[in-house]
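FYI, full-length UniProt numbering numbers position 207 of the sequence shown as 207, with every residue one higher than the one before it.
Glycine included, every Cβ here is placed at the ideal spot set by N, Cα and C.
No experiment lies behind these values; they were computed from the predicted model shown.
Working notes, structure below.
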Amino acid sequence: MIELKSAAEIERMAVTGRFVGELLAELKTVAAVGVNLMDVERHARRRIKERGAESCYWDYAPSFGRGPFRNVLCLSVNDAVLHGLPHDYVLADGDLLSIDMAVGIDGWVADSALSFVVGTPAPADLKLIEATEVALDAAIAAAQPGGKLGDISAAIGEVAHSYGYRVNSEFGGHGIGRTMHEDPHVSNTGRAGRGMKLTPGLTLALEPWLCATTDKITYDADGWTIRSADGSRTAHSEHTVAITPDGPQVLTLRPATAPAA
């Protein structure tokens, strides 16, 4: 079932979204060459606890995965793109890291992700990250009241293909609000003018993700971490967006300058 949110409820989601955006910006400064992924995870746990928020990932146990997640971040490195399980790994120069997080505050959830290179970036990695960011911008621009869900999917797919990448449609965006995953599913490729009507009050997590040279994925033995099937680099960008009468409202914007850690 799809629940449309009131303007007051969207503002409550925006409170959560501001915290998510601020913390992701902060974590980008924490994750540096020589830093262990578990230190990034522990930093996020501390900040979430201080805020009185609740992680949507902790104890998350969907049909995929092996047991409860028991972490507050998805940390995916290089060829890992989604649901990366935090583990004992020290970031090296040139690693491409994707951080994904979703939390709830006072019963309202926001979800966001970003990718960046730790240390010295390779041009191919920067291009891949840029493609996901441009695709996300296009998806947000297409999230107009009166439009169709397929407009969003088509916008993402068109950008990905323009950059020379193929799109996997097994995982994509989703509705969000009182819980992390709500209807509808938002594919990262599709046809404009198709699907459900975009109505004010609809809240969506839009999340283009790409693999450099394939659209196939594999799972690690941990049952969570999803990787490109050919070992190529990956990237992931995500924002929580509300459809309003005046157009799309991004609820998880990140500050230009991160607060001191």
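Scanning V72, Y60 and G84 for the CA closest to the CA of A221 turns up G84. Counted as a single uninterrupted DSSP element, the alpha helix (DSSP H) harbouring L128 occupies residues P123 to A142. Contact check for I176 against A143 fails: the beta carbons are separated by 8 Å or more. DSSP places I156 within a helical segment (H, G or I) once states are collapsed to three. Residues of the same chain with a CB within less than 8 Å of the CB of V117, apart from the 5 flanking positions on each side, are G94, D95, L96, L97, D125, L126 and I129 in chain order.
Within its own chain, the residues whose Cβ lies closer than 6 Å to the Cβ of A139, once the five positions on either side in sequence are excluded, are I152, A155, I156 and L206, listed in chain order. Shortest Cα-Cα distance from P145 to any of P245, E26, W224 and R66 involves P245. Taking one beta carbon from each stretch, the stretch 66-81 and the stretch 38-58 have 3 or more pairs nearer than 8 Å; the two touch. Membership of G175 in any alpha helix (DSSP H) is not indicated; the residue belongs instead to the beta strand (DSSP E) covering G173 to G175. For L27, the enclosing alpha helix (DSSP H) starts and ends at A7 to V30.
Under the DSSP assignment, I2 falls outside any beta strand (DSSP E); it carries neither an H nor an E label. Per DSSP, H185 is one residue of the beta strand (DSSP E) stretching across E182 to V186.
Per the DSSP secondary-structure output, A102 pairs in a beta bridge with D111. Under the criterion of beta carbons closer than 8 Å, V241 and L251 qualify as touching, at roughly 7 Å. Sorting T225, G172, G164 and S187 by C-alpha distance to the C-alpha of A212 places G164 at the top. If you ignore the 5 residues before and after P248, its C-beta comes within less than 8 Å of the C-beta of I140, A141, A143, Q144, V241 and A242, all in its own chain and listed in chain order. When the alpha-carbon of A53 is set against those of W108, V77 and L82, the nearest one is in W108. In the same chain as V30, and ignoring 5 residues on each side of it, the C-beta atoms closer than 8 Å to its own belong to D39, V40, H43 and A261, in chain order.
Residue state for L210 is assigned as strand, using DSSP reduced to three classes.
Across the structure, G190 and L149 are spaced so that their CA atoms are roughly 9 Å apart.
When DSSP states are grouped into helix, strand and coil, K49 belongs to the helix group. In this chain, A229 is not harboured by any beta strand (DSSP E), its DSSP state being neither H nor E. Per DSSP, reduced to three states, the secondary structure at A44 is helical. When only Cα atoms are considered, V35 and A102 end up about 22 Å apart. Contact annotation: T234 and V33 have beta-carbon atoms that are not nearer than 8 Å.
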